[in-house]
Amino acid sequence: MNIILLGPPGCGKGTQGELLAQRTGILRVSTGDLLRQAVAGGTDLGKRAKVFMDQGLLVPDDVIIGLLGEVLASPRAAGGVIMDGFPRTVAQAEAVDRLLAARGRQVDRVLFFAVADEELLRRIEGRAAVEGRADDHPDAFRQRLVVYRKQTQP
Ligand code: AMP
Numbered sequence: 103m104n105i106i107l108l109g110p111p112g113c114g115k116g117t118q119g120e121l122l123a124q125r126t127g128i129l130r131v132s133t134g135d136l137l138r139q140a141v142a143g144g145t146d147l148g149k150r151a152k153v154f155m156d157q158g159l160l161v162p163d164d165v166i167i168g169l170l171g172e173v174l175a176s177p178r179a180a181g182g183v184i185m186d187g188f189p190r191t192v193a194q195a196e197a198v199d200r201l202l203a204a205r206g207r208q209v210d211r212v213l214f215f216a217v218a219d220e221e222l223l224r225r226i227e228g229r230a231a232v233e234g235r236a237d238d239h240p241d242a243f244r245q246r247l248v249v250y251r252k253q254t255q256p
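When we follow the working numbering, the leftmost residue of the sequence shown carries the number 103, and every step to the right adds one.
See the structure below:
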């Protein structure tokens, strides 16, 4: 089964996606986690992505679509995937349909997490204190919300 988790940054996709993965045994793929690993590892992908991530901007579609394509092609993804943080643009949404169709599969479920902005800001203050992510800094986080409304909501 292929499941997409959609919603604004800080809405709880990661937490619920993890619980869903544990309960179902389906592989959870967080593009944000994959990018943060690449940044920590100092890879070419990480270097390219960091500039965008630190500003709360989206990493270019070609990079992200390539990354997801690799995951979907791996044997670990044979039982389907829980997509957390992907797609985030219309082009990515079209790409996921294409990538799955090429394997005779489709998107089976989409879960949308509706959370008010004030609540998101409150939660993110807590996460910033615990995880110390640069993009959870209030200015970067506000930027991520603007990007979400403009590029992901459509
Ligand atoms: P997240 O952990 O899902 O909030 O992602 C953290 C950051 O990684 C985002 O603010 C983007 O800069 C980048 N990112 C993660 N997923 C995507 C995606 N699907 N498309 C573009 N950028 C992404």
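We treat Cβ as the ideally placed atom computed from N, Cα and C, and that holds for glycine.
Distance, residue j Cα to residue i Cα
i, j, result
"Val183", "Leu137", "17 angstroms"
"Val198", "Arg190", "11 angstroms"
"Val209", "Phe188", "12 angstroms"
"Arg125", "Met185", "15 angstroms"
"Arg229", "Leu129", "24 angstroms"
"Arg150", "Ile167", "14 angstroms"
"Gln194", "Asp163", "7 angstroms"
"Leu170", "Arg235", "23 angstroms"
"Arg207", "Ile105", "12 angstroms"
"Pro177", "Glu196", "23 angstroms"
Residue closest to residue i, alpha-carbon to alpha-carbon, out of the options
i, options, result
"Lys115", "Pro256, Phe243, Ala151, Ser132", "Ser132"
"Arg200", "Thr117, Leu174, Val161", "Leu174"
"Met103", "Ala204, Val141, Val212", "Val212"
"Arg205", "Ile105, Ala179, Val192", "Ala179"
"His239", "Asp135, Glu227, Val232", "Glu227"
"Ala216", "Gly144, Arg251, Gly234, Val165", "Arg251"
"Gln253", "Phe214, Val192, Pro177, Ser176", "Val192"
"Glu172", "Val232, Leu202, Asp241, Gly143", "Leu202"
"Val165", "Lys152, Pro177, Asp241", "Lys152"
Residue i classed as buried or exposed, judged by whether at least 16 other C-beta atoms fall within 10 angstroms
i, result
"Gln255", "exposed"
"Val161", "buried"
"Asp146", "exposed"
"Leu121", "exposed"
"Val249", "buried"
"Asp237", "buried"
"Gly181", "exposed"
"Gly119", "buried"
Cβ separation of residue i and residue j, assumed to be a contact under 8 angstroms, to the nearest whole Å
i, j, result
"Gly148", "Val141", "4 angstroms"
Original post:
Any chance the segment 105-114 sits against the segment 216-230, with 3 or more Cβ pairs inside 8 angstroms?
Top reply: Yes, since at least three Cβ pairs between the segment 105-114 and the segment 216-230 fall closer than 8 angstroms, the two stretches touch.
Subject >> Any 3 or more C-beta pairs closer than 8 angstroms across the segment 143-162 and the segment 236-248 >> reply: Under the Cβ criterion (8 angstroms, minimum of three pairs), the segment 143-162 counts as touching the segment 236-248.
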